[in-house]
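Note that our numbering has the sequence shown beginning at 139, numbered continuously upward.
These notes are about the structure you will find just below.
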Amino acid sequence: MYENVFSALQIILKPFFYFYATLIATLTMNYTLITGASKGIGKAVAFEAADRKMNLLLVARSKDLLEQLASELSTKNVSVKTFVADLLEDDAPKKIFQFAKENSLNVNMLINNAGAALYGNFEDADFQKNLNVMKLNVDACVKMAYEFLKQTDASQRRYILNTVSLGAYQPLPTMAIYASSKAFMLFFSRALRQELKPKNVYVTALCPGGVETEFFVPAGLGKVVEKNARYMMGADRVAKEGLDALMKNKSVVIPGFINKMTALVSKLFPHDIVVPVAGNVYKT
Ligand SMILES: NC(=O)c1ccc[n+]([C@@H]2O[C@H](COP(=O)([O-])OP(=O)(O)OC[C@H]3O[C@@H](n4cnc5c(N)ncnc54)[C@H](OP(=O)(O)O)[C@@H]3O)[C@@H](O)[C@H]2O)c1
139 MYENVFSALQ
149 IILKPFFYFY
159 ATLIATLTMN
169 YTLITGASKG
179 IGKAVAFEAA
189 DRKMNLLLVA
199 RSKDLLEQLA
209 SELSTKNVSV
219 KTFVADLLED
229 DAPKKIFQFA
239 KENSLNVNML
249 INNAGAALYG
259 NFEDADFQKN
269 LNVMKLNVDA
279 CVKMAYEFLK
289 QTDASQRRYI
299 LNTVSLGAYQ
309 PLPTMAIYAS
319 SKAFMLFFSR
329 ALRQELKPKN
339 VYVTALCPGG
349 VETEFFVPAG
359 LGKVVEKNAR
369 YMMGADRVAK
379 EGLDALMKNK
389 SVVIPGFINK
399 MTALVSKLFP
409 HDIVVPVAGN
419 VYKT
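Structure representation (structure tokens):
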């Protein structure tokens, strides 16, 4: 009698078992591509994604840091690949997706995160460095999004998380290029999201305020950070809120209550009022 019940159960459950096994196999073949994964927010997203059992393709310039991170993540039972690339090189995005194709990595999620800033009055700052900020924060991100859409399987659900910034909400004196590049990315994200809705592509803009990373050192923002240290947030929280928002298909996520209020004020008040106040925050 028990044998009969057991075989009946086997027959009933077999199709479900195969369905879930195939689903899990398909899901586990997917890869999340993270740019700027060697440090800061990108690294935190890598840990958060690995905890969610997402396979990873990590991109940055620092080979050693990427390899170290891959080995740290190896305990989490996910596949981790690394690709060293300087996104200031024009053909880097193409090469990254070529690598993914050659290695049969089915990239279904792009975390467009690598970015930089430069502090100082536009007129006095190193002009080439400012051009590089624009190139990394805008050109490289746009190219990565384009290659992602063109080179990955359009029959599946796909995801793009753009790491933007609270700086996107108002012009920032002494950070004119950075804030403008992030404003571009916020508009780009929102427009892309609308265009891609019928194509099953989720697009989310992650807009953190100050985050405790190494970002401020090369940007020359050390003193600004000292002044605003109490408003800084951990990268782990930003990564978690970013991925949560992406999975829920939110258009924008601003981690933290004060940051949300700051964005709201920047939207409600005219720029003639907001810009001098913002300039004061960045005065050293
Ligand atoms: N920290 C903040 O307060 C804050 C706030 C709002 C938004 N954001 C945004 O968050 C993103 C990540 O910043 P973060 O704070 O994590 O900074 P971070 O700690 O300095 O990390 C930046 C990442 O970008 C990579 N990167 C820089 N230049 C690159 C290039 N030319 N080619 C390839 N990779 C490059 C770096 O890796 P390698 O050096 O190894 O190449 C690193 O992994 C940026 O887009 C930034 O604008 C940061």
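A virtual CB, placed ideally from N, CA and C, is assigned to each residue, including glycine.
Three-state secondary structure (DSSP) of residue i
i: Leu196; result: strand
i: Leu274; result: helix
i: Arg328; result: helix
i: Ala343; result: strand
i: Lys455; result: For the chain, the structure presents residues 139 to 422; residue 455 sits outside this window and is missing.
i: Tyr169; result: strand
i: Tyr297; result: strand
i: Met370; result: coil
i: Val245; result: strand
i: Val390; result: strand
i: Val376; result: helix
i: Val349; result: strand
Contact test: residue i Cβ vs ligand 1 heavy atom, cutoff 7 Å
i: Asp224; result: yes
i: Gly174; result: yes
i: Glu352; result: yes
i: Ser303; result: yes
i: Ser217; result: no
i: Lys177; result: yes
i: Arg199; result: yes
i: Pro231; result: no
i: Pro346; result: yes
i: Ala254; result: yes
i: Val183; result: no
i: Gly372; result: no
i: Phe180; result: Note that residue 180 is Gly in the sequence shown here, rather than Phe. True, at least one ligand heavy atom lies under 7 Å from that Cβ.
i: Val391; result: no
i: Val349; result: yes
i: Leu211; result: no
i: Leu402; result: no
i: Asn366; result: no
i: Leu203; result: yes
i: Asn251; result: yes
i: Asn268; result: no
i: Asn275; result: yes
Distance, residue j Cα to residue i Cα
i: Asn270; j: Leu256; result: 10 Å
i: Leu211; j: Arg328; result: 32 Å
i: Thr312; j: Gly417; result: 7 Å
i: Ser404; j: Val355; result: 26 Å
i: Gly347; j: Gln289; result: 32 Å
i: Ile249; j: Gly358; result: 25 Å
i: Val390; j: Leu384; result: 9 Å
i: Val183; j: Ser176; result: 10 Å
i: Val341; j: Val197; result: 20 Å
i: Val349; j: Gln236; result: 32 Å
i: Ile392; j: Lys398; result: 6 Å
i: Ala254; j: Ala188; result: 25 Å
i: Gly258; j: Ala317; result: 12 Å
i: Ser360; j: Thr351; result: One point to set straight first is that residue 360 is Gly, not Ser, in the sequence displayed. Gly360 and Thr351: Cα-Cα distance of roughly 11 Å.
i: Lys388; j: Val339; result: 12 Å
i: Lys232; j: Leu225; result: 10 Å
i: Arg375; j: Asn241; result: 32 Å
i: Met167; j: Lys219; result: 12 Å
i: Glu285; j: Arg295; result: 16 Å
i: Thr170; j: Gln308; result: 31 Å
i: Ala321; j: Leu334; result: 20 Å
i: Leu107; j: Ile315; result: This structure does not reach residue 107, given that the chain is present from 139 up to 422, and the question cannot be answered.
i: Arg190; j: Lys273; result: 32 Å
i: Tyr156; j: Val413; result: Because the pLDDT of Tyr156 is 45, which lies under 50, any placement of that residue in the model is unreliable, and the number read from its coordinates should be weighed accordingly. For Tyr156 and Val413, the distance between alpha carbons rounds to 59 Å.
i: Gln206; j: Leu243; result: 21 Å
i: Asp277; j: Lys267; result: 14 Å
i: Tyr420; j: Leu324; result: 21 Å
Exposure of residue i, with buried meaning 16 or more beta-carbon neighbours within 10 Å
i: Ser209; result: exposed
i: Ala343; result: buried
i: Asp410; result: exposed
i: Ser293; result: exposed
i: Asn193; result: buried
i: Arg331; result: buried
i: Glu379; result: buried
i: Ala306; result: buried
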